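Residues in the sequence shown are numbered consecutively from 13, following my numbering. C-beta atoms are modelled at their ideal positions from N, C-alpha and C, and glycine is treated no differently. As the structure is a computational prediction, the values presented were derived from the model and not from experiment.
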Amino acid sequence: MPSSRGNCASKTSNFVDFSQLKYSNSKCPIQDGACNVCRELLQAEKDVQDAVARLRDALNRHQDLKTAMNHAHSPIIRELPVEIACKIFKSCFSDGMWKKDGQPVAKDALVPLKVGAVCRTWRQIAWSLPELWTVVVVRRIYSTASHNRNQYSLIKQRILRSQGLPLYVFLKEEMDDEEDVDKAELDYWKRCLRVAAKCSDQWKDVTMELSSDSYEYVTSNKLITPTRKVDLSCSQYMRYNKLTGLRLWQESQSGPSQVTITNPIRFATYSIAWQHVSHVQAKGWPPEDCLTLLKHAPQLTTCSFKNVWRAPRDADENVPGEPVVSHSSLRHWSFHTAGTILSTKFFDRISLPNLEQFEHSSSNMKQLEDVPLVLLRFFSRCNFPLTKLSLSTRVFTPGDMARILETAPSLIHLSVRFSEPPDNTDSNAWGTTDSDSSESNFEGAESDFEDPESKTWMESFFQHLSQANPVIHEGVNNAHNLAPRLESLEFVGEGLVIPWIFAPAIFGDPSEPRTAGRRPLKALTFYSKRVPDPVSGLPDETITRLLSLREAGIAINYCILPGRNLLVPVVWNRG
Numbered sequence: 013m014p015s016s017r018g019n020c021a022s023k024t025s026n027f028v029d030f031s032q033l034k035y036s037n038s039k040c041p042i043q044d045g046a047c048n049v050c051r052e053l054l055q056a057e058k059d060v061q062d063a064v065a066r067l068r069d070a071l072n073r074h075q076d077l078k079t080a081m082n083h084a085h086s087p088i089i090r091e092l093p094v095e096i097a098c099k100i101f102k103s104c105f106s107d108g109m110w111k112k113d114g115q116p117v118a119k120d121a122l123v124p125l126k127v128g129a130v131c132r133t134w135r136q137i138a139w140s141l142p143e144l145w146t147v148v149v150v151r152r153i154y155s156t157a158s159h160n161r162n163q164y165s166l167i168k169q170r171i172l173r174s175q176g177l178p179l180y181v182f183l184k185e186e187m188d189d190e191e192d193v194d195k196a197e198l199d200y201w202k203r204c205l206r207v208a209a210k211c212s213d214q215w216k217d218v219t220m221e222l223s224s225d226s227y228e229y230v231t232s233n234k235l236i237t238p239t240r241k242v243d244l245s246c247s248q249y250m251r252y253n254k255l256t257g258l259r260l261w262q263e264s265q266s267g268p269s270q271v272t273i274t275n276p277i278r279f280a281t282y283s284i285a286w287q288h289v290s291h292v293q294a295k296g297w298p299p300e301d302c303l304t305l306l307k308h309a310p311q312l313t314t315c316s317f318k319n320v321w322r323a324p325r326d327a328d329e330n331v332p333g334e335p336v337v338s339h340s341s342l343r344h345w346s347f348h349t350a351g352t353i354l355s356t357k358f359f360d361r362i363s364l365p366n367l368e369q370f371e372h373s374s375s376n377m378k379q380l381e382d383v384p385l386v387l388l389r390f391f392s393r394c395n396f397p398l399t400k401l402s403l404s405t406r407v408f409t410p411g412d413m414a415r416i417l418e419t420a421p422s423l424i425h426l427s428v429r430f431s432e433p434p435d436n437t438d439s440n441a442w443g444t445t446d447s448d449s450s451e452s453n454f455e456g457a458e459s460d461f462e463d464p465e466s467k468t469w470m471e472s473f474f475q476h477l478s479q480a481n482p483v484i485h486e487g488v489n490n491a492h493n494l495a496p497r498l499e500s501l502e503f504v505g506e507g508l509v510i511p512w513i514f515a516p517a518i519f520g521d522p523s524e525p526r527t528a529g530r531r532p533l534k535a536l537t538f539y540s541k542r543v544p545d546p547v548s549g550l551p552d553e554t555i556t557r558l559l560s561l562r563e564a565g566i567a568i569n570y571c572i573l574p575g576r577n578l579l580v581p582v583v584w585n586r587g
């Protein structure tokens, strides 16, 4: 098959490769001097050298003229105080860089190069600011030996300019399995990895997306553990057992507090000091790996298991006499299964007594009938102080949801999902957002799409809430305890059909907002991809009740997605 590297090179027609000139000339066999062909070749090489020299002079003159043009057209650029220029430079970083303690993406490595290209004054300032050079990117994507040689030189310069500041390191490899390996290219690639590894004592965060061979090489350089975060994934298929137990860091007394791992890398692939980890995101793990993590990470406070796939049957069965794994530190937890049925035994083998936030979802539509009962047992056993809960109507009927809520009287925020909204808040380490694709899919649906099942589900659920509205009348609580502390209720989905007639009853009497025992519900939110039209066709008494709730300070809004979670008040038309 044609080489991807060749295809890539053909697209960059403005690139001139002089590597073909680097060879040893053989002695001309013609007696009494060089033959005509050899003389012409020597002249051609001299012409190339002269052309390169002229091109270099032309580029220098071009740069001088650009500088002069900037001075003539925009003198304010070079006259800006250094402090103002520094603020301008730093504003070019991604939003993540402005977060607490800095969370950059790979494209932030281009910032000093872009601002330095404006003029010489800015370049001198940028070259002198070490904080602009803390993002180090090492990439191998259809590379050539000359590319990696230049990359090696640039990485060394960047690390020197960082002047010992904490570094955010990105190591990415993307090569076709069938592509022929250039020995010189591979050698320079390893040099790039080695120079990045030598400064591992400066690593604050590191993101590695490498082949198994590159993982094995980079970890042989006696790495020092990053101080905050490590993100591990594999750029090509890697057998689970190939690198099992490989030591990432030379000493295990310390380790990063945040770890993200994507299958095929699993719990046992690398030796990580899990006892120091507080935040974990694991993608594509089987349930037994998830359980093992809970056993070995006692300081874990936030955990996300995405795309959990079912383990073999024998790994899913409870072992007689095996104790339940109790994890007292975990506060925030999300669990998502995709493509396969949920491992029900997993929830029977854990207890999270201090869990405060929980999210459960599944993209599989089959064999979910046991999930509500399993999670109900889990909630009852843990008796945790849950304040925030997110569940899917794919899994739970209104009655199931009500029974779950009975086990979580401390709940303050409930999110009910009919479908998954696009994630437009998180971006991956390479600077691309998942919403780039999901947002277009979300917007691509018909604008008049309606989900009638959402109306039926909400009608029943609103009736459960209204019948159990915990208002104390004459000193007697005449309803069972269902979400007595609930303050925020939201529904996520596309084409939601809202049963407004049933909505007011879930709040209780708005004229008595301070009634003892009254559910303190303050916000009712419905997600939508656009601002819906005003609601019409409702009885006057329903509209009057809804408006009185709003006047009492209760927020009834649409949350517009995709976007930035813009809240828009619901409008009801009379008549």
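For residue i, which residues from the same chain have a beta carbon less than 6 Å from its beta carbon, with the 5 sequence-adjacent residues on both sides left out?
i: S478; result: A517, I518
i: H339; result: L306, L364
i: K467; result: V509, P511
i: T314; result: H291, H344
i: I171; result: C211
i: K400; result: Q369, H425
i: T405; result: F430, W469
Can you tell which of the options has its C-alpha closest to the C-alpha of residue i?
i: C272; options: H159, R259, V242; result: For clarity, residue 272 is Thr in the given sequence; the question names Cys instead. Selected option, being the one with the closest Cα: V242.
i: W345; options: S290, N275, K357, H308; result: S290
i: R152; options: S226, C98, K318; result: S226
i: F105; options: V49, K119, I96, P546; result: K119
i: L260; options: D62, V218, Q293; result: V218
i: V383; options: L244, V207, V504, T409; result: T409
i: T281; options: S269, E57, A294; result: A294
i: Q163; options: V547, R206, S103; result: R206
i: R415; options: S232, V428, L388, I555; result: L388
To which residues of the same chain is residue i closer than 8 Å at the C-beta, ignoring the five residues directly before and after it?
i: E471; result: P511, F514
i: L222; result: L183, K184, E185, V230, C246, S247
i: G128; result: W134, R135, A138, W139
i: L303; result: V337, F358, R361, I362
i: P178; result: T146, Q214, W215, K216, T239
Return helix, strand or coil for residue i, following the three-state DSSP convention.
i: Q175; result: coil
i: Y229; result: helix
i: S290; result: coil
i: S346; result: strand
i: A309; result: coil
i: H339; result: coil
i: D69; result: helix
i: W261; result: coil
i: P672; result: The structure shown does not extend to residue 672, since the chain is modelled only from 13 to 587, so the question has no answer here.
i: W469; result: helix
i: N585; result: coil
i: Q169; result: helix
i: T237; result: coil
i: W512; result: helix
i: T153; result: Checking the sequence, you will find Ile at residue 153 rather than Thr. In the structure shown, I153 sits in a strand (DSSP, three-state: E or B).
i: V428; result: strand
i: W120; result: The question names Trp, but residue 120 is Asp in the sequence shown. Three-state result, D120: helix.
i: N366; result: coil
i: K216; result: strand
i: S316; result: strand
i: N577; result: coil
i: S447; result: Low confidence applies here, because S447 scores a pLDDT of 38, under 50, leaving its location unreliable; read the following figure in that light. S447 falls in the helix class under three-state DSSP.
i: D463; result: strand
How about residue i: is its Cβ closer than 7 Å to a heavy atom in the ligand GDP?
i: D301; result: The ligand GDP is not part of this structure, which contains no ligands at all.
Using the rule of at least 16 other Cβ atoms within 10 Å of the residue's Cβ for burial, across every protein chain shown, is residue i buried or exposed?
i: I484; result: With a pLDDT of only 43 at I484, under 50, the local geometry of the prediction cannot be trusted, and the value read off the model is given with reservation. Classification for I484: exposed.
i: I609; result: Absent from the structure is residue 609, since the part of the chain shown begins at 13 and ends at 587.
i: I563; result: With the sequence shown as reference, residue 563 is identified as Glu, and Ile is not the correct amino acid for it. It counts as exposed.
i: D113; result: exposed
i: F461; result: exposed
i: N453; result: At N453, the pLDDT of 39 sits below 50, so the modelled position is not reliable; the number obtained from the coordinates is stated separately. It is exposed - the Cβ of N453 has fewer than 16 other Cβ atoms within 10 Å.
i: W201; result: buried
i: A70; result: exposed
i: W297; result: buried
i: H372; result: buried
i: A56; result: exposed
Here's a check: name, in chain order, each residue in its chain whose Cβ is nearer than 7 Å to the Cβ of residue i, leaving out the five neighbours to either side.
i: P124; result: A138, L144, W145
i: P464; result: V509
i: Y570; result: F538, S540, V543, P544, V580, V582
i: S269; result: R240, H288, V289, S290, H291
i: F396; result: L364, P365, N366, L367
i: P142; result: R173, S174, Q175, L177
(message) My parser needs the alpha helix (DSSP H) runs of 4 or more residues fully inside the stretch 545-575; what are they?
(response) 552-563
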